[in-house]
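Enquirer: Residue numbers for the sequence shown, in my numbering: 1081 to 1383.
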Amino acid sequence: MHSPLFKKIVIFGVGLIGGSFALALRKTDAVGEIVGVGRTAATLMRARELGIIDAGTTSVEEALHGASLVLIAAPVAQTGAILSSIRPHLQAGTVVTDAGSTKTDVVAAARNALGDKIAQFIPGHPIAGRESNGPDAAIADLYIGKKVVLAPLPENAPADIERVAGAWERCGAVIHQLSAAEHDAVFASVSHLPHLLAYALVDDLARKPHADLLFQYAASGFRDFTRIAGSSPEMWRDISLANQAALLSELDSYMIQLTGLRAMLAQGDGKALEAVYANAQKARHNWINAIETAEKQNRQGGD
């Protein structure tokens, strides 16, 4: 029998992200034992019933004993506290990573919490998700063909970076690297702002006195545009505040765009409106074509 890639993995947060990570590694026989750490016994019990974890505990010391890899898959606002609880029990040779959607704040929290053990922490962010939450939402193929961004620190050993990358690759993911600042600027544009806008639109309609009538006639376009407003409010509250500066910058830019569109509409300037729409359509088509090309290469083993 072959030895698993990881003897023991510990996951803080056994919901969609952490649970899917566990199921994917279990499916490929890459891990010997998976231990979950959570806020509630009921969640850990459910994760065990579903075969996501082998054991659940609220004891960080017990969980970390003999761990090869630790994944923090909890809301980003909890990262600092979790890392602080890990530090006294973090053994040499154990690598810690996270799945948070922001990185600059996570790196700052990690430096504060881990101190001279910072070299053992490798920031990460899987670009995958669903609107559902909790252990029941976890699926083994969530990460297949999806990007995982690593934001290594200067202190990280190359072998440890490879260990984290190797875990995600066993889940079927494609590894990319960005600095923490680059990561937060990029995702403020293409992820955090869209979520804010989707939440804002649905909230605006829900507060109107004739909301029931509006939702009665909302169809597929509205569903597609607002799909991400079904995500966890707690998680996206934390992400929004964690990436506040970059998100405010993107929001300001978007408001300028909206002001321009309003002026075009008020002036009845159809030519200008069409030009904006046409540019957006072209950019989106190019983006979709690029995604499809990349997915085809992944299926066929291309670079």
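No residue lacks a Cβ here, since even glycine has one placed at the ideal position from N, Cα and C.
Predicted, not measured: the structure shown is a model, and the values here were computed from it.
If I follow the unbroken beta strand (DSSP E) through Ala1135, where does it start and stop?
Expert: Here residue 1135 corresponds to residue number 55 of the sequence shown, with the count starting at 1. First-last of the beta strand (DSSP E) with Ala1135: Ala1135 to Thr1137.
Enquirer: Need the endpoints of the alpha helix (DSSP H) that Leu1338 sits in, please.
Expert: Mapped onto the sequence shown, residue 1338 falls at position 258. Element bounds for Leu1338: Gln1324 to Ala1346.
Enquirer: Using DSSP with H/G/I as helix, E/B as strand and the rest coil, what is Asp1178?
Expert: Counted from its first residue, the sequence shown places residue 1178 at position 98. In the structure shown, the three-state DSSP call for Asp1178 is strand.
Enquirer: Would DSSP call Glu1211 helix, strand or coil?
Expert: Position 131 of the sequence shown, counting from 1, holds the residue named residue 1211. Looking at Glu1211 - three-state DSSP - the assignment turns out to be coil, as it is neither helix nor strand.
Enquirer: Using only alpha-carbon positions, find the residue among Gly1348, Val1140 and Ala1199 that is nearest to Ser1165.
Expert: In the sequence shown, counting from the first residue as 1, residue 1165 sits at position 85. Comparing Cα-Cα distances from Ser1165 to each of Gly1348, Val1140 and Ala1199, the minimum goes to Val1140.
Enquirer: Looking at the secondary structure, which residues open and close the alpha helix (DSSP H) in which Lys1197 lies?
Expert: Here residue 1197 refers to the residue found at position 117 of the sequence shown. Lys1197 -> no alpha helix (DSSP H), and no H or E assigned at all.
Enquirer: Could you say which of Val1115, Pro1289, Leu1230 and Met1315 lies nearest to Val1187 if we only look at CA atoms?
Expert: Mapped onto the sequence shown, residue 1187 falls at position 107. Here the closest residue by C-alpha is Leu1230.
Enquirer: If you scan the region 1148-1179 from start to end, which runs of the beta strand (DSSP E) of 3 or more residues do you find wholly inside it?
Expert: 1149-1152 and 1175-1178
Enquirer: Taking buried to mean at least 16 other C-beta atoms within 10 Å of its own C-beta, is Thr1120 buried or exposed?
Expert: Along the sequence shown, one-based indexing puts residue 1120 at 40. Under the 10 Å beta carbon count, Thr1120 is surrounded by fewer than 16 other beta carbons and is classified as exposed.
Enquirer: Counting Cβ pairs closer than 8 Å, one from the region 1230-1242 and one from the region 1274-1283, do we hit at least three?
Expert: no
Enquirer: According to DSSP, simplified to helix, strand and coil, what is Leu1407?
Expert: Residue 1407 is absent from the structure shown; the chain starts at 1081 and stops at 1383.
Enquirer: Within the same chain, show all residues whose beta-carbon is closer than 7 Å to that of Ala1127, passing over the 5 residues directly before and after it, in chain order.
Expert: To locate residue 1127, count along the sequence shown from 1; it is residue 47. Only Val1094, Gly1099, Gly1116, Ile1133, Gly1136 and Pro1215 meet the Cβ criterion.
Enquirer: The alpha helix (DSSP H) spanning Leu1293 covers which residue range?
Expert: Counting from 1 along the sequence shown, the entry for residue 1293 is found at position 213. Note, Leu1293: alpha helix (DSSP H), Ala1291 to Tyr1297.
Enquirer: Report the partner residues of Val1115 according to the DSSP bridge assignment.
Expert: Translated into positions along the sequence shown, residue 1115 becomes position 35. Its beta-bridge partners are Val1090 and Ala1135.
Enquirer: Using the Cα positions of Ile1162 and Pro1274, report the straight-line distance between them to the nearest angstrom.
Expert: For this step, residue 1162 is matched to residue 82 along the sequence shown. For this step, residue 1274 is matched to residue 194 along the sequence shown. Roughly 28 Å separates the two Cα atoms.
Enquirer: Answer with buried or exposed for Ser1181, where buried requires no fewer than 16 other C-beta atoms within 10 angstroms of its C-beta.
Expert: Counting from one through the sequence shown, the residue named residue 1181 turns up at place 101. Under this definition Ser1181 is a buried residue.
Enquirer: Strictly by DSSP, which residues pair up with Lys1227?
Expert: Walking along the sequence shown from the start, residue 1227 turns up at place 147. Its beta-bridge partners are Val1254.
Enquirer: Excluding the 5 residues flanking Ser1329 on each side, which residues of the same chain have their C-beta closer than 8 Å to its C-beta?
Expert: As a working note, residue 1329 is residue 249 in the sequence shown. Take Ser1329, set aside five residues on each side of it, and the residues of its chain with a beta-carbon closer than 8 Å to its own are Ala1268, in chain order.
Enquirer: Considering only the beta carbon of each residue, do Arg1167 and Ala1193 sit closer than 8 Å?
Expert: By 1-based counting over the sequence shown, the position of residue 1167 is 87. By 1-based counting over the sequence shown, the position of residue 1193 is 113. Cβ atoms of Arg1167 and Ala1193: closer than 8 Å.
Enquirer: Tell whether a beta-carbon distance below 8 Å holds between Ala1179 and Leu1222.
Expert: In the sequence shown, the residue the question calls residue 1179 occupies position 99. In the sequence shown, the residue the question calls residue 1222 occupies position 142. No; because the gap between Cβ atoms is not below 8 Å, this pair is not in contact.
Enquirer: Apply the 10 Å Cβ neighbour rule to Met1335 and answer buried if 16 or more other Cβ atoms are within range, or exposed otherwise.
Expert: For the purposes of this step, residue 1335 is taken as residue 255 along the sequence shown, with counting starting at 1. Counting Cβ neighbours within 10 Å, Met1335 comes out exposed, since fewer than 16 surround it.
Enquirer: Confirm, please, whether the CB-CB distance from Leu1170 to Ile1089 is below 8 Å.
Expert: Reading the sequence shown from its first residue, position 9 is the one you call residue 1089. Reading the sequence shown from its first residue, position 90 is the one you call residue 1170. Taking 8 Å as the Cβ cut-off, Ile1089 and Leu1170 do not qualify as a contacting pair.
Enquirer: Within 10 Å of its beta-carbon, does Asp1349 have 16 or more other beta-carbons around it, so buried, or fewer, so exposed?
Expert: Position 269 of the sequence shown, counted from the start, is the residue given in the question as residue 1349. Looking at its Cβ environment, which holds fewer than 16 other Cβ atoms inside 10 Å, Asp1349 is exposed.
Enquirer: With DSSP as the reference, label Gly1095 as helix, strand or coil.
Expert: Numbered from 1 along the sequence shown, position 15 holds the residue referred to as residue 1095. Coil at Gly1095, not helix or strand.
Enquirer: For the putative contact between Arg1243 and Val1176, defined by C-beta atoms under 8 Å, what is the C-beta separation to the nearest angstrom?
Expert: As a first step, residue 1243 is located in the sequence shown; it is residue number 163 there, counting from the start. As a first step, residue 1176 is located in the sequence shown; it is residue number 96 there, counting from the start. Incorrect: roughly 11 Å between the Cβ atoms, too far for contact.
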